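This report concerns only the one structure given below.
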Amino acid sequence: MAIKNAVQFIKEVRGELSRVEWPKFNEFAGSTLVVLFLVCFFSIYLGLVDLGLSKLAKYIFTLYGGY
1347 MAIKNAVQFI KEVRGELSRV EWPKFNEFAG STLVVLFLVC FFSIYLGLVD LGLSKLAKYI
1407 FTLYGGY
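Heads up: the sequence shown begins at 1347 in this note's numbering, then just goes up one per residue.
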């Protein structure tokens, strides 16, 4: 019984995948470049924010006799 369900599931998946409209190469490449750009941008942005906040925390701790 479980094998019949698995076979039926695989058939349905193949049917659904045949109806999917896959992106063209230009669309795929453009989307990939946008994602890579945004990942790089936000990585740099968050790194700078982290650096600034750590400098601020260090300044505050040294100002009030902390570390």
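Glycine included, C-beta positions come from ideal geometry on N, C-alpha and C.
Computed from a predicted model, the values in this text were never measured in an experiment.
- If you ignore the 5 residues before and after Cys-1386, its C-beta comes within less than 8 angstroms of no other C-beta in its own chain.
- For Asn-1351 and Arg-1360, the gap between their C-alpha atoms comes out near 14 angstroms.
- Per DSSP, reduced to three states, the secondary structure at Glu-1367 is coil, with no helix or strand assignment.
- Secondary structure at Gly-1411: coil, using DSSP grouped into helix, strand and coil.
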